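Taking it in order: structure first as structure tokens, then the write-up.
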Amino acid sequence: MKKHAMFPLLLILVFIGKPQAQELMPGIHEQLTVWLEKIPAGSEADFGFADRNEFKYAVLGNPIAVHHLTTKNTAEKGLADSCTIVPTGEWRIPVMVGEESRALITVVQVDKGRKIVDIGARNLAREIALVRKQFDLNDTVDLHLLRIHSLTCDLLFTGEDPGSANLDFYPLESARISMPELTVLQGKPSAYSKLMPIVIQNQSHRINQLNEDENY
């Protein structure tokens, strides 16, 4: 039997306070030096650097809090009737050389503080920097990253009051590939009210596909 996508009745926003840069930085600068030295000789370009000499000029940019999207499912094969944006306790921090964003480090919360668990993502670092430049989002603007695992895509968003629906979304390339409808919104920020129905519709469509595959 063919199933129909259900649109969300509710989108709930749940946030924790995003630490300011100086709150995340203690100890992270020292960890960054260690992680840069772990980059294999000859692989510097794969991590966004011209050569190892650039390591000594590397500094950290503004932290970007990472969130993910969870759904509350109905009884009918897990189709979503509400969504929640949830903080992951993880941050992406740009590694800067001069004015250029070369890579991202991933920082997570641990019992005794915060630690770096990964470095890389040079293309994502550049794309985020381009979004800041294109939309004139200076360093005083806090960026958040929404990672939608079910659609394998990322979006940036901003908002002075993250607990409200007054948010602006900036779909990254992965989101525009996963949700072609977003191409019409390219070149300008997407309002919460316009973007989230598209996200939920695509999520429901993906769930429908999985359900039909199971029943095939």
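In terms of the numbering used here, the sequence shown opens at residue 1 and continues consecutively. We put the beta carbon where it would ideally sit given N, CA and C, even for glycine. In this text, all values refer to a predicted model and were calculated from it rather than measured experimentally.
Notebook entry, point to check: Using the C-alpha atoms, what's the distance from Ala45 back to Gly192?
Noted result: The sequence shown places Tyr at residue 192, not Gly. Distance between the alpha carbons of Tyr192 and Ala45 is about 37 Å.
Next item on the list: Out of Ala41, Gly159, Ile198 and Phe49, point me to the one whose CA is closest to Ala121's CA.
Entry: Phe49
Item checked: Phe7 versus Thr158: straight-line alpha-carbon distance, rounded -> Here the model assigns Phe7 a pLDDT of 39, short of 50, so the residue's position is not dependable, and the following value carries that caveat. Roughly 24 Å separates the two Cα atoms.
Checklist line | Span separating the alpha-carbon of Leu167 from that of Lys112 | finding: 33 Å
Margin query: I need the straight-line Cα distance from Arg206 to Leu151, nearest angstrom please.
Written below: 8 Å
Check: When the Cα of His144 is compared with those of Glu54, Leu69, Ile198 and Asn202, which residue comes out closest?
Finding: Leu69
Check: By the 10 Å Cβ neighbour count, where 16 or more other Cβ atoms means buried, how is Gly61 classified, buried or exposed?
Finding: buried
Margin query: Restricting to Cα atoms, I'd like to know which of Thr106, Ser190 and Leu182 is closest to Phe135.
Written below: Ser190
Check: Relative to the ligand FAD, is the shortest distance from any of its heavy atoms to the C-beta of His149 smaller than 7 Å?
Finding: Among the components modelled here there is no ligand, and therefore nothing to report on the ligand FAD.
Next item on the list: Could you please give me the residues that DSSP links to Ser204 through a beta bridge?
Entry: Answer is none; Ser204 lacks a bridge partner.
Next item on the list: With a floor of 3 residues, list each beta strand (DSSP E) that falls wholly inside the region 101–170, ordered by position along the chain.
Entry: 113–120, 144–148 and 153–158
Item checked: Of the residues Glu99, Cys153 and Ile177, the one placed nearest Asp139, counting alpha carbons only -> Glu99
Notebook entry, point to check: Based on the DSSP secondary-structure assignment, which residues constitute the bridge partners of Ile93?
Noted result: Ile105
Next item on the list: Taking Ala58 as part of the beta strand (DSSP E), name the residues at either end of that continuous run.
Entry: Ala58 to Leu60
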